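In order, the protein sequences belong to chains A and B. For the first sequence, the residue numbers in my numbering are 1 to 150. For the second sequence, the residue numbers in my numbering are 151 to 300.
Number of protein chains: 2
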Amino acid sequence: METIKNLFRCSCPVTSAVDIVGDRWTLVIIKLMLIQHCHTFKDISESEEGIAPNILSSRLKTMLSLDLITKTHPPNNKKVNIYHLTEKGLSISPIVYDLMAWSDTYLRDEHTAMTSFDQQSISLLPREEAIDYIQEHYKASVSSVLSDDY
Amino acid sequence: METIKNLFRCSCPVTSAVDIVGDRWTLVIIKLMLIQHCHTFKDISESEEGIAPNILSSRLKTMLSLDLITKTHPPNNKKVNIYHLTEKGLSISPIVYDLMAWSDTYLRDEHTAMTSFDQQSISLLPREEAIDYIQEHYKASVSSVLSDDY
DNA sequence: TATATTTACTTTCAATTTGAAAGTAATTTA
DNA sequence: TAAATTACTTTCAAATTGAAAGTAAATATA
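This is the structure we're talking about:
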């Protein structure tokens, strides 16, 4: 008889969030979808991050089960799977933004090869507007991919 | 001949931040220091999160080497070690805040035992003020612990 | 001053997770 | 109809995590 062991270590909301996104890949996959507009298994596989296919497969399954992402086909295509962020997943955007901003300030000295924000314009906007901009562009990209003739 | 393998997977600032804080414990330890004012090995060990001493020891060493925390003794005490956040570590505060806010909105349904913000007052403040409040109280607590006769 | 307690760990070992490499199956393109 | 593409799965070794017990130095107590 198998028991499902509790996903959450304790009652703390911060620790509970870490129970969901606290690993080497979940936030990276969210960032690849959100910022680099990776919508397919192949897109994510080919990213600079170099995730192994078994790991990606396993993470996507977990993220689906946690309702961070959903999976659909583009119209008239049964081969390609489109993964996209749910509202719950898209709401991780502020955390992705803050990680980017923190690295920009505190990691540059020890990681000289590190790049800046993807679009220059983002670094010029105030935080809230930058996050909105990222989210709106992401949604537009998903719409485009899910429209006819991808 | 040993080579130090690069800490960073790639040039992306988000992924680089995940290379630093993307595991099960680093953000939890920062949160325990910042919010619950855990300053010693014992304080952290006894937390609700239940971290094993070998894991805690290993994480603290890594965090010291990454300059996220420093280690000192209180005056007139050679036994107790006080760990506290550096500027670099304290600047993770916005991420901790955002994780807390995200859980509050998106995890409550699936994790009914989850508590709210530690101090009620924090949830009433706007984000920037809440973060400032948390950081100032943290700094005051460190000062107090490092003053005479702990 | 001697003993008990506390604090901060380390050691050992089993279990779980990660990741590299190769392989497979369905679908679509040429 | 054959080749290429996409989305995976399988296998196995290496690294990480974690539970349990143990140790050493410093401090508090009798």
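The beta-carbon is built from N, C-alpha and C at its ideal position, and this holds for glycine as well. Quick caveat, the model's predicted, so the values are computed rather than measured.
- Here DSSP, grouped into helix, strand and coil, assigns B/Thr222 to strand.
- Contact fails between the stretch 48-63 of chain A and the stretch 99-116 of chain A, because fewer than three Cβ pairs, one in each stretch, are under 8 Å apart.
- A direct Cα-Cα distance of roughly 16 Å separates B/Phe191 from B/Leu218.
- Annotated three-state conformation of B/Ile232 is strand, per DSSP.
- In this structure, DSSP gives A/Met114 a state outside helix and strand, which the three-state scheme calls coil.
- Contact between the stretch 28-48 of chain A and the stretch 157-165 of chain B is present, with at least three C-beta pairs closer than 8 Å.
- The contact set of A/Lys88 on chain B, defined by CB atoms closer than 8 Å, consists of Tyr256 in chain order.
- Between A/Ile95 and B/Ile194, the CB-CB gap reaches or exceeds 8 Å.
- DSSP places B/Thr255 in the helix class (H, G or I) of the three-state scheme.
- Under the 10 Å beta carbon count, A/Glu48 is surrounded by fewer than 16 other beta carbons and is classified as exposed.
- By the neighbour-count criterion, in which a residue is buried when 16 or more other Cβ atoms sit within 10 angstroms of its Cβ, B/His223 is exposed.
- Judged by DSSP in its simplified three-state form, B/Gln270 adopts helix.
- For a Cβ distance threshold of 7 Å, residue set Asp248 of chain B lies close to A/Pro94, ordered along the chain.
- Listed along chain B is no residue with a C-beta nearer than 7 Å to that of A/His84; the closest approach is about 17 Å.
- Look at the stretch 262-291 of chain B: the residues with a C-beta under 8 Å from a C-beta of chain A are Ala263, Met264, Thr265, Ser266 and Phe267.
- Interface with chain B (8 Å Cβ-Cβ cutoff): A/Thr62 is excluded.
- B/Gln186 carries a coil assignment under DSSP once its states are collapsed to helix, strand and coil.
- In the DSSP assignment, B/Gly239 falls within the unbroken alpha helix (DSSP H) covering Glu237 to Leu240.
- About 6 Å separates the beta carbon of B/Arg159 from that of B/Asp169, a gap short enough to meet the 8 Å contact definition.
- Neighbours of A/Leu27 in chain B, taken as residues at a C-beta separation under 8 Å, are given in chain order as Val164, Val168 and Gly172.
- For B/Phe191, the secondary structure class from DSSP, reduced to helix, strand or coil, is helix.
- Using beta-carbon distances, B/Arg159 counts as an interface residue toward chain A, with a partner under 8 Å.
- Note that the C-beta distance between A/Tyr133 and A/Leu124 is not below 8 Å.
- For the 8 Å CB-CB criterion, A/Tyr106 and B/Lys238 form a contact.
- The three-state secondary structure of B/Asp217, taken from DSSP, is coil.
- For B/Lys181, the neighbours in chain A by C-beta distance under 9 Å run, in chain order, Cys12, Val14, Thr15 and Val18.
- Put simply, the backbone Cα of A/Arg59 is about 26 Å away from that of B/Thr212.
- For A/Ala130, the enclosing alpha helix (DSSP H) has its first and last residue at Arg127 to Leu146.
- When the alpha-carbon of B/Leu249 is set against those of B/Ile232, B/Thr236 and B/Ile281, the nearest one is in B/Ile281.
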